[in-house]
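Single-structure report; data block below.
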Amino acid sequence: MGQTVTKTRIAKNPTIKFASIILGILIVSVSCLMLSKSAKELVSTFQLNQQLKSERSNLKVLETKQGELALEKAKLQDPTYVQNYARGKHLLSKSEEQVFILPKTE
1 MGQTVTKTRI AKNPTIKFAS IILGILIVSV SCLMLSKSAK ELVSTFQLNQ
51 QLKSERSNLK VLETKQGELA LEKAKLQDPT YVQNYARGKH LLSKSEEQVF
101 ILPKTE
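When we follow the UniProt record's numbering, the leftmost residue of the sequence shown carries the number 1, and every step to the right adds one.
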């Protein structure tokens, strides 16, 4: 009987009824706000993961290129290689030497 009286008193008291409605609306609003923030964080996490994958693939490409450039640097420090490269690529010759370009055979 005590619970029935309390429920009846709450149902009849407009102040308590109004406060419970406001509290319910507030709880729903806070829940929606938290769900919205969670969704934004989820989207942000997904975008950052995609960016991380892209940057990792760029890093692999750059590391490969760095290795190639280090190899070329080592070759260019060898005077014999530089001489042969200059003679073959730019048709440079030693003094008292003539360069002939031969036709390509098919």
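Heads up, the beta-carbon is just placed ideally off N, CA and C, and yes, glycines get one too.
Is the CB-CB distance between residue i and residue j below 8 Å?
i: residue 87; j: residue 95; result: no
i: residue 115; j: residue 89; result: For residue 115 there is no data in the structure shown, the boundaries of the chain being 1 and 106.
With a cut-off of 8 Å, does the C-beta of residue i fall near any C-beta of chain D?
i: residue 44; result: Although the question refers to chain D, the structure presented lacks it and comprises just one protein chain.
Next item on the list: Pick out the complete alpha helix (DSSP H) segments inside the segment 30–101, 4 residues or longer, and give them in chain order.
Entry: 79–90
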